[in-house]
Amino acid sequence: MTTVLTTGANRGIGLALARQYVAEGAEVIACCRVPAKADALKELSAASGGRMQIMQLDVADEVSIASLKGALGDKPIDILINNAGISGLSADRIEAEGWMKTLRINALGPMLVSQTLRDNLRRSSEKKLVAITSIMASTSTATGGKYAYRASKAALNNGMRGLSREWAGDGILVALLNPGWVQTEMVSGEAAYISAEECARGLISRIAELTPATSGVFQDYRGVVSRW
Ligand SMILES: NC(=O)c1ccc[n+]([C@@H]2O[C@H](COP(=O)([O-])OP(=O)(O)OC[C@H]3O[C@@H](n4cnc5c(N)ncnc54)[C@H](OP(=O)(O)O)[C@@H]3O)[C@@H](O)[C@H]2O)c1
């Protein structure tokens, strides 16, 4: 059975991914900051026939990342999805604290989680590392605004591209996936043209078809290559 771990699983794209992987028959480790408040995940877990566990993880907190590793031990993880992210800080005005927090959660967090769980990936059959990035990571198409978010996703892309090269020797494949504009708490209104469910279906297909040829390629949920 495929084991999938996703961060930020309590709402939005992360919750839709958890739902669809459970429906496909996978074992899902759904990580979120506050399990006690994760009502949708609790319902999903209760209906999963024991295939879904909820685990605490704040990707900005090294103690929390180490506790997750302690709880998982050597358990193989086939698909590790770095989905958790924020976008609202230091958005209209460049401001140091919001910028640093955005970098910490969106860029450093996924790198630390991936490094900490590298051995769990290595021990699995599929060995797939996923980063949910954004078209706003693109330098060539950058229009301005949301500077902290753009910089954080560009840093995430750069780091994950590096891991796709460095960890290839372990057989680890890295998917760098731009989810499109998705109806979640992060994005609303007309800009968000797809539902979290449609997005998750696309992401899951891209993850399923990931090969050494597409490892480290920046692409969207439909498989269209995005510009760096
Ligand atoms: N929606 C879009 O159109 C869009 C476009 C491009 C990229 N993305 C990316 O897609 C990913 C998911 O976004 P979404 O649209 O589903 O947004 P969302 O509904 O706002 O969900 C964000 C998730 O990240 C979690 N999170 C935030 N900070 C965290 C931390 N320090 N540790 C662990 N979890 C944390 C949130 O948990 P809490 O509930 O505890 O805050 C929540 O589960 C993000 O990386 C985002 O940048 C989204």
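3 is the number that numbering that gives the first Met the number 0 gives to position 4 of the sequence shown; each next residue is one higher, with no gaps. The beta carbon of each residue, even a glycine, is placed where N, CA and C say it ideally should be. Computed from a prediction, not measured in an experiment: that's the story for all the values here.
Is residue i near residue j, with beta carbons less than 8 Å apart?
i	j	result
ILE53	ALA25	no
ALA147	THR101	yes
LEU79	VAL129	yes
LEU202	LEU16	yes
SER163	GLN182	no
VAL112	ASN81	yes
ILE228	GLY84	Nothing about residue 228 can be read from this structure; the chain reaches only from 0 to 227.
Residue i by DSSP, collapsed to three states: which one?
i	result
MET185	coil
ALA190	helix
ILE64	helix
ASN177	strand
SER21	One detail in the question is off: residue 21 reads as Val in this sequence, not Ser. Three-state DSSP puts VAL21 in a helix.
ASN81	strand
LYS126	coil
LEU172	strand
ASP38	helix
ASP91	coil
Using a threshold of 7 Å, is the CB atom of residue i nearer than that to any non-hydrogen atom of ligand 1?
i	result
VAL267	A query on residue 267 cannot be resolved here, the shown segment of the chain reaching from 0 to 227 and no further.
LEU40	no
ALA83	yes
ASP57	yes
THR6	yes
GLU26	no
THR183	yes
TRP180	yes
GLY283	With the chain covering only 0 through 227, there is no way to say anything about residue 283.
ILE80	no
ASN9	yes
ARG106	Sequence inspection shows Ala at residue 106; the Arg mentioned does not correspond to that position. Answer for ALA106: no, Cβ out of range of ligand 1.
ALA174	no
VAL33	yes
ALA17	no
At least one CB of chain B closer than 8 Å to the CB of residue i: is that the case?
i	result
GLU96	The structure shown contains no chain B, having only a single protein chain.
Can you say whether residue i is buried or exposed, counting buried as having 16 or more other CB atoms within 10 angstroms of its CB?
i	result
LYS36	exposed
PRO109	buried
ALA293	An answer regarding residue 293 cannot be provided, because it is not within the stretch 0 to 227 covered by the chain.
THR5	buried
MET135	buried
PRO211	exposed
ALA207	exposed
MET159	buried
ARG149	buried
ALA174	buried
VAL223	exposed
ILE93	exposed
GLU125	buried
ARG205	buried
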